[in-house]
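Peer 1: I am attaching a structure below and will ask some questions about it afterwards.
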Amino acid sequence: MKLHRLELTGFGPFRERQVVDFDAFDDDGLFLISGRTGAGKSSILDGVSFALYGSVPRYEGGDRRLRSDHSFLTDPTEVRLEFTVGDVRWRVTRSPEYERPAKRGGGLTLEPARAELEEQVDGVWIGRAAKQREVGIALDEILGLSAAQFQQVILLAQNKFSRFLLAGNAERQQLLRTLFGTRRFEQYEEALEQRRREAQKRLDEKGSRVRTLLEVAERDIETHGLAGEDADVADADVAARAAAVDRAVVRADYRVESRGHERDAAVARADAAAAALQRLTDLAKQLAELDAARRDLDRLDSLADSIAADRARLEAARSAEVLRIPVESAARAVDRHSDAAAVLDAALADWRAGGGVDDDEFDAIVEALTAEIARARAAAEAEKDAAALTRAQGLRRGTLEELDTARAEIERTRAAVPARRDALTAELATAREIAARRDVLVAERDSLTVQRDAAQKLARIAPEAADADEAYVTASAASAEASTAVADLLRRRLRGHAAELAADLVEGEPCAVCGAIEHPSPATSDERPVTDDDLAAAERARDDAARREQDAAKTATAAREHLSAATAASGGIAPEELADRLTETETRLVAAEKAARRVAELTDELVGIERLDTDARAESEALGARIATTREEIAAADATLAARQTEIDAARGDHPNVAARITADIERRTLAQRVVAARRDAAERARVRDETVIDRDARVEASVFASADEVLAALLPDAERTALAARIDEHTAAVTAAQARRLDLELATIGEEVDDVALEAARGAADAAAAERSTAIASAADAVSAAASLHELAASIHAAADAVTGEAADAAVVTRLADTVAGRAPNTMKMDLETFVLAAELEEIVAAANLRLSEMSSGRYTLHHSDARQARGAASGLSIEVQDAHTGRLRSPQSLSGGETFLASLALALGLAEVVTSRAGGIRLDTLFIDEGFGSLDPETLELAMRTLDELRAGGRVVGVISHVEAMKEQIPAQLIVEATPEGPSIVR
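So this is what it looks like as structure tokens:
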């Protein structure tokens, strides 16, 4: 991976757009990023990290801190980075979330975070992703490194440089876990622990099942009295208790066999006693039935005379039934003729009452009246039409009058339209002229509101800005003084370094530099030696002063920015004057808005008037057409009424109307028709009467009956006749059955007698035998049930015991594996699986680091990975120790001096970068940054560090170093300078 170009706009200390061209340092390979403390050197690396990952290594807060405090509200914030991975060149652009002025309504609104990823294809940038999430996913695939890995491999960030070296086991494990993604090994450990718990749970459950089954079996054995000699095995082990159950099963089987024999014998005895009882019972029943049959036959014989009378009555009824229809038909014909004669007399009486006589020709009268009614009905229809026409004429004349009135009203309304139209047109023109100024007044009001608010704010913040500027000048002077003090101490220490070494010389012991045991001319110094504590205290004072200067600069810049913005926004006009202008403008705006509403109202009213005039004209024309049509209809209807009245007068005659004439004719015709129908019906019924009487008399004479009255007396209803026949048949069948039953029973009981004593004795013997049989069957069933239950329990006990044996073996294997992986016994190193994997990675990191540390420390120091067990049972495997060649002893990294710590941390960081890179797919790192102070190194050590950095350039790699050490400025000619301007924002040059 190689970085080419970085653009920073409104980011960190940079307000204006700053460009960093990394390709410009390709020929040098090593370049220095320098500048005063707080100028923004590390912000360049923050920009690289933010562009690639949306986060920075120094901040734990959100993206809001990334926006430059020097930016105006309208200034954008954006970071753009061009880089190459493999043969593909990419460009990523990001903006954090920040507040900006709202486009409408005033105030501030939140500008959302943005991200865009582009690929260069044939010199043209092609978009590949345009959303934060999509850009993040794409960059993960392209880079192959997480943010933590990137900061550990490419950006060796400030304040995190020596963290890996000095970390404890737990913190180092967390760092390595993040870099190498070994969380899955911890998950393997958790999964094995879960399997161990589940295996132990299954083992406990199966053991509990065995014990439960044994307890159930032992209770059954005791309940059924099968314990025998095993009555005291409840406290024995599982195997002995299971053997006792097996012996109880044998005893249960023997009990089943013996009680089965007893049951079979009892069943045989009960069957024999029951057979003897059944024979005596059947004989006693047959004798009782014989006595009953004899009594039933005597009863049937006593009913013989009654049955003979019923039989004679039934025969007479059946003979009369043959003559029923002729006799009843003749009677009905006589009755119907009498009814017809009475109807004829009534019809003639009604005819005479209407003015007729008995000798009239009724058929001719009916025909003449029918023709007259038909003619009158036609006239009646004309009469109805004439009445309807008369009513319609009245309605038409009323409608004509209403139409004339409506037309006159419309014409009066139309006459008033022109004057109203002219008045509305004039008022609309005036309202439009006033409303046209509304948008101008709105803009003027908004502008004056912003100016007034800005003027009020200006009066409030002007004193605060002056105080902030004065505080910044004071803090800047203090920071410069503290930096000068540190530089003076460093120069004094370099001058007195030889004297410090000489002060540590002991006669007869070798010199730490040359190894000589004689010290003829030790160096001296008139100045007081500068100790590490002096230098550290001065650096802390310098850093504190720099932080105070930076904070004061941010506060002053923000105050100046707010003051400038307020001054520009207010236009230099006093707040009171702006308030008066605003009030006047709002008054005019209210009038303009009212006029705008009136314009809409007047426009709608004019349109309504025009529509009303058009509609009225059309309605007046339509009314005129309807008036003419109505008058024509009235004239035509009058002519029709005159013609029909003549026809009606002729048809009415002497009656008040045609309908009365028709009613009178219909009534007279109805009387004549009744006489005609009655005469015809009476003649027909007389003929039928004569024929049926002759037929009846002939049939009665040929029968056993003397007259028709005897026939009617002999008739019986169907139900009664059926009942008589059934009684006769039932008596005959009962006599036959009783005789046959008596004969069968007499033959079956010849010579047999049964008394009650013998019967009761047989019944008692059968009951006793049945009771013995039930007892024997229940006892045998209990034995079978007990044996079956014990057989099932014994099988379950053996199966459960076998399952416990297998489960115990499986649980032992899983438990040993889980304990070993978790760092418990038998794991003597107390090292879990994840730590074991990370320890292997750490060994490679240490080996890679020692290649550089040995040279940087002139062979004095090497790092050692230690897997020694830690005190108080703590986890082991991730310790780092330092081998000191001068003493031959291992020592803690915390015992190294500041410069030694820097060298060891640099070597370890480079070794870590190599191993992480190889694990990430062996990507090539063509750009590397080191953001750490080199001020703690003496000149010789600094030279070794510079030599190591120079070696990193091999293969075309570009290394960027952030430092303000003067010696490094002299040794690294290629430099990128970050400089804070007097106004506050920084620039890159």
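What the sequence shown shows, in my numbering, is residues 574 to 1562, in sequence order.
Ideal Cβ placement from N, Cα and C applies to all residues, glycine included.
The structure presented is a predicted model; accordingly, all values stated were derived computationally and were not measured.
(1) Among E1556, F723, P1555, I1550, whose alpha-carbon lies nearest the alpha-carbon of K614?
(2) Three or more C-beta pairs under 8 Å: does that hold for the segment 1449–1466 against the segment 732–749?
(3) Is E1516 close to the ligand ATP? I mean its beta-carbon at under 8 Å from any heavy atom of the ligand.
(4) With distance defined between alpha-carbon atoms, name the residue in P674, A949, A1168 nearest to A1223.
(5) Which residue wins for smallest C-alpha separation from A937, given the options R1242, D1177, E1487?
(6) Going along the chain, which residues of its own chain have a beta-carbon closer than 6 Å to the beta-carbon of L799, five neighbours each way excluded?
(7) Applying the 10 Å Cβ sphere with the 16-neighbour rule, what's the burial state of G635?
(8) Nearest-angstrom Cα distance between L683 and R667?
(9) Can you grab the Cα-Cα spacing for the pair A1110 / I1560, in whole Å?
(10) Would you report the Cα separation of R769 and E1365, rounded to the nearest angstrom?
(11) At 3 residues or longer, what runs of the beta strand (DSSP E) sit wholly inside the segment 765–808?
(12) Is it buried or exposed for Y1434, if we count other Cβ within 10 angstroms and need 16 for buried?
(13) Taking DSSP as the reference, what is the three-state secondary structure of S875?
(14) Can you tell me which of the three DSSP states H643 falls into?
(15) Since V1059 and R1133 are thought to touch, with beta carbons under 8 Å apart, how far apart are those beta carbons, to the nearest angstrom?
(16) If you reduce the DSSP assignment to three classes, tell me which class S1452 lands in.
(17) Just checking my contact of L1469 with V1455 at CB under 8 Å: how many whole Å lie between their CB atoms?
(18) With DSSP as the reference, label F1278 as helix, strand or coil.
(19) Mind checking whether F584 and R640 have CB atoms under 9 Å apart?
(20) Could you tell me whether the Cβ atoms of I946 and I1200 are closer together than 9 Å?
(21) Given a threshold of 16 other Cβ atoms within 10 Å of its Cβ, counted over all protein chains shown, does V783 qualify as buried or as exposed?
(22) Just list the residues that DSSP pairs V1327 with in beta bridges.
(23) For F645, I'd like the list of residues in its chain whose CB is within less than 7 Å of its CB, leaving aside the five on either flank, ordered along the chain.
(24) Report buried or exposed for I617, applying the criterion of at least 16 other Cβ atoms within 10 angstroms of its Cβ.
(25) Check E568 in the structure and name its three-state DSSP category.
(26) Should L576 and L712 be called a contact, given that it needs their Cβ atoms to be closer than 9 Å?
(27) If we call anything under 9 Å between Cβ atoms a contact, is V1534 one with I606?
(28) Just the Cα atoms here: how many angstroms apart are E982 and V1231?
(29) State the Cα-Cα distance for the pair D810 and I1350, rounded to the nearest angstrom.
(30) Check whether the Cβ atoms of L1411 and Q773 lie closer than 9 Å to each other.
(31) First and last residue of the alpha helix (DSSP H) that includes Q1544?
(32) Going by DSSP, what residue range makes up the beta strand (DSSP E) through K575?
(33) What three-state label does DSSP hand G635 in the structure shown?
(34) Suppose contacts are defined by Cβ-Cβ distances below 9 Å. Is V1163 in contact with A1008 by that definition?
(35) Looking at the strands, I want to know which residues DSSP matches up with I606.
Peer 2: Taking the structure as given:
(1) Measuring C-alpha to C-alpha distances from K614 to each of E1556, F723, P1555, I1550 identifies I1550 as the nearest.
(2) Touching, yes.
(3) Inclusion of the ligand ATP in the displayed structure is not the case, the ligand content being empty and no account of it being possible.
(4) The option with the nearest alpha carbon to A1223 is A949.
(5) The residue among R1242, D1177, E1487 with its C-alpha nearest the C-alpha of A937 is R1242.
(6) Closer than 6 Å at Cβ, skipping near neighbours: A821, R824, A825.
(7) Confidence at G635 is low in this model, with a pLDDT of 45, below 50, so the placement of that residue should be treated as unreliable; the coordinate-derived value is given next. Only exposed fits G635, as fewer than 16 other CB atoms lie within 10 angstroms of its CB.
(8) Cα-Cα distance, rounded: 16 Å.
(9) Just so you know, the alpha carbons of A1110 and I1560 end up roughly 31 Å apart.
(10) Cα-Cα distance, rounded: 32 Å.
(11) Here no run is fully enclosed.
(12) Y1434 should be labelled buried.
(13) Coil at S875, not helix or strand.
(14) Residue state for H643 is assigned as coil, using DSSP reduced to three classes.
(15) With 8 Å as the limit, V1059 and R1133 do not qualify as a contact, their Cβ atoms being about 30 Å apart.
(16) The answer is strand: DSSP assigns S1452 an E or B state.
(17) Taking a contact as a CB-CB distance under 8 Å, the pair L1469 and V1455 counts as one, their CB atoms being some 7 Å apart.
(18) F1278 falls in the coil class under three-state DSSP.
(19) With a cutoff of 9 Å on beta-carbon distance, F584 and R640 are scored as near each other.
(20) Result no, Cβ atoms of I946 and I1200 do not sit closer than 9 Å.
(21) Its Cβ being crowded by 16 or more others within 10 Å, V783 is buried.
(22) The partner list for V1327 (beta bridge, DSSP) is empty, contrary to what the question assumes.
(23) Within the same chain, E1134, A1138 come within 7 Å of F645 by CB-CB distance, once the 5 residues on both sides are set aside.
(24) With 16 or more Cβ atoms within 10 Å of its Cβ, I617 is classed as buried.
(25) Only positions 574 to 1562 of the chain appear in this structure, which leaves residue 568 out of reach.
(26) Not a contact, by the Cβ cut-off of 9 Å.
(27) Cβ atoms of V1534 and I606: closer than 9 Å.
(28) Taken atom to atom, the span from the alpha-carbon of E982 to that of V1231 is near 47 Å.
(29) Pairing D810 with I1350, the inter-Cα distance amounts to about 38 Å.
(30) Not in contact: L1411 and Q773 (Cβ atoms no closer than 9 Å).
(31) Element bounds for Q1544: 1539–1544.
(32) Start and end: 575–582.
(33) Caution applies to G635, whose pLDDT of 45 falls short of 50 and renders its modelled position unreliable; the value that the coordinates give is listed next. The answer is coil: DSSP assigns G635 none of H, G, I, E or B.
(34) The answer is no: Cβ separation not under 9 Å.
(35) Answer by DSSP bridge pairing, in chain order: I1535, L1549.
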